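Input: a single structure, listed below in structure tokens.
In the working numbering, the protein residues as written are 16 to 207.
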């Protein structure tokens, strides 16, 4: 775990083209010690990024377990799909790897898998809501789901790029605005 965190920190300092020696220095290890655990730096970075994948898929599924109301499930899932702030390390790492995906096919595969899993997660929520009569979808569920995930990605990127008027609250409301139109439901948020 220490090595995975060191790899994340090294990417934040040096970008997705981080060198093995930079990761090793961040971990307080030799390059050989890093290679003992991982065959190359890209494999290490893919493993380090799995924590972000866990957060943006598995943890979101666990958060909505046992919630029957599809509108509540949709709102909670959208609320948990954005960076907590502009310094969110998991999102910064995803952005770095996304920028390098054309050069490193393993990053592209990882990020595509995360996107597809998130789309499928939203599709289940949307189709369940439509089947229960809570949602009247304006487009096919896959289209709505893809747009929601794309909006999360776009606004998340704007947040880590420090756009002055887009924080987690504003981004959530912007995505919910689209989801309200796409589902025909007011999608109220819980009062804090």
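Beta carbons: idealized from backbone N, C-alpha and C, even for Gly. Since we're looking at a predicted model, the values are computed, not measured.
So for residue 56, helix, strand or coil by DSSP? helix
Should residue 196 be labelled buried (16 or more other beta-carbon atoms within 10 Å of its own) or exposed? exposed
Verify whether the separation of the beta carbon atoms of residue 140 and residue 166 is less than 8 Å. no
Should residue 128 be labelled buried (16 or more other beta-carbon atoms within 10 Å of its own) or exposed? exposed
Residue 24 in three-state terms, based on DSSP: helix
Taking the C-alpha atoms as reference points, what is the distance between residue 145 and residue 17? 45 Å
Beta-carbon within less than 6 Å of residue 183's beta-carbon, same chain only, minus the 5 sequence neighbours each way: which residues are those? 97
Of the listed residues 115, 69, 111, nearest to residue 95 (C-alpha basis): 69
Please say whether residue 107 and residue 49 have beta carbons closer to each other than 8 Å? no
Please state the DSSP three-state secondary structure of residue 103. coil
Residue 163, DSSP secondary structure in three states: helix
Quick check on residue 51: buried or exposed, where buried means 16 or more other Cβ atoms within 10 Å of its Cβ? exposed
Excluding sequence positions up to five away, which residues of its chain have a Cβ less than 8 Å from the Cβ of residue 74? 95
Got a sec? Which residues, its chain only, sit under 6 Å from residue 142 by beta carbon, not counting five neighbours each side? 156
Three-state secondary structure (DSSP) at residue 29? helix
CA-to-CA distance, residue 203 to residue 89, given in whole angstroms: 10 Å
Consult DSSP for residue 203 and reduce its assignment to one of helix, strand or coil. coil
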